[in-house]
Each structure stands twice: as C-alpha cells, then as structure tokens.
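Numbering (our numbering), first residue to last: 204 to 400.
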Ligand code: GDP
Ligand code: MG
C-alpha cells in the first residue's frame, strides 16, 4: 500500500471557474493545506475528451438518472415531459451529455494533487456537489450558487466550478485521461519535513 501522504487525485477547474478568473483562488486553497501539485495544464477539451472523463459505470449513470428523477418528483415536475423518458439509465445518459457540454464549453485547468488522503481532503475543500448545499468556506460554497432543480429544468449540468475525483479508481482513470506519465513531476516541498517527520 502506498503511504497515505502519497495519495493522488485530479482536480479540474471547470470552464466557469476559468472564465470567472478563479484559478488562482482555487489553487491557493489546495497549496496552503499542504497538497503538492504534481501536474498542471490548461486544456480546451474536445467533446470526445470531455466524454472520456465522464466514462462512468452503468451504475453511476443510473444513479445520476435516479437523482434527477427524485428532483423532478420533489418539485412536482413531469419527468417524462421534461426528459422524454422515465428510465433512470436513459435520463442518466442525458445528464452525462449535459456534463460533456459543460466541460467542453471552454478551457479547463487540469491538476494532479498529491498529499495526505488527497481524495478525501480535496473533496472536503471542494464541498457538496450542489453549490446550494455546499458549506461556506468550501470552494463551491464560496464561489457558486447553482442547484439541481434549476439545472435539470434548464437541461444543463450543475455549474459548480470544480471537479474532484470521487475515489481511487476514478483518480487513476482521470490521471491517465488528462496526463502522460512524464507530465507528472517528482519534487520535495519545503514544508514536507516539518509536517510529516
Ligand atoms: P461531483 O463528484 O461532486 O462533481 O458530483 P457527481 O460525480 O455526482 O456528478 C458529476 C457532475 O454532474 C456534477 O459536478 C454536476 O456538475 C453534475 N450533476 C450532478 N448531479 C446532477 C443533477 O442531479 N442534475 C444536473 N443537471 N447535473 C448534475
Ligand atoms: Mg464525481
């Protein structure tokens, strides 16, 4: 097993974050927490490349569809009328397409971060998927305000500024998807000895 301080994760500053000039603010939050930047680049993803990022399992797609069905039910909106289907997988596929539209609408900053339990730590810094539920002090809670209710009715992905890998297998897929092996740097941060030894 790799040491917990060597865990790696992928963060994307999504196009709304880049276009709003938030890249510096976002990076600062990870750097000051003690996470090391191993790789970083600005990419304007093609639709194909964006789709490859969201190549989730059938269960993930179905889960996304179910979430959407629940939101429509909660607000008394006819899901078949809005989405043309009541099937969770079909609806999940549409949400996935909205995600591709979102990610391919402008430049993205792709980052690999390494550090103590990086996946969990980064998700905490990023905050809840739904900006409206994200705690103040998190990136999404400080800089975004969208909700799934609005996003589903407007037929688009929730605008939440950043992506962060959800688990180790997602992280592994995303590192390979955005970077070549030789684009990841190996170096020592000056505070490592003070923090970890
Ligand atoms: P994340 O890991 O916190 O980004 O959330 P997920 O992996 O569950 O979803 C991926 C992305 O899909 C999110 O960041 C949102 O942009 C979008 N998304 C998630 N859930 C919904 C939803 O219910 N409706 C819509 N329209 N978009 C969603
Ligand atoms: Mg996710």
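The beta-carbon is built from N, C-alpha and C at its ideal position, and this holds for glycine as well.
Everything numeric in this text was worked out from a predicted model, so none of it was measured.
A Cβ-Cβ contact shorter than 8 Å links residue 213 with residue 313. Along the length of the region 207-278, whole beta strand (DSSP E) runs at least 3 residues long occupy 210-216, 239-246, reported in chain order. Residue 281 sits exposed, since fewer than 16 C-beta atoms from the chains shown fall within 10 Å of its C-beta. The closest heavy atom of the ligand GDP lies less than 7 Å from the beta carbon of residue 298.
Between the alpha carbons of residue 307 and residue 357 lies a distance of about 18 Å.
Taking 7 Å as the cut-off, the C-beta of residue 369 counts as close to a heavy atom of the ligand MG.
Of the candidates 261, 374, 231, 251, 374 places its Cα closest to the Cα of residue 321. Annotation: the region 333-378 contains the following complete segments of the alpha helix (DSSP H) (minimum length 4 residues), in chain order: 342-346, 351-356. Distance between residue 242 and residue 315, taken at the CA atoms: about 5 Å. With contacts defined by Cβ atoms closer than 8 Å, residue 278 and residue 350 do not form a contacting pair. Check the Cα spacing between residue 233 and each of 311, 378, 330: the tightest is with 330. With respect to the C-alpha of residue 347, the residue from 210, 223, 323 having the closest C-alpha is 223.
Annotated three-state conformation of residue 321 is helix, per DSSP.
Residue 386 and residue 239 have their alpha carbons spaced roughly 14 Å apart.
Taking a contact as a CB-CB distance under 8 Å, the pair residue 221 and residue 344 does not count as one, their CB atoms being some 19 Å apart. DSSP, reduced to helix, strand and coil, places residue 313 within a strand of the structure shown. One thing to note: residue 377 has its Cβ within 8 Å of the Cβ of residue 256. Closer than 7 Å to some heavy atom of the ligand GDP: that does not describe the Cβ of residue 278.
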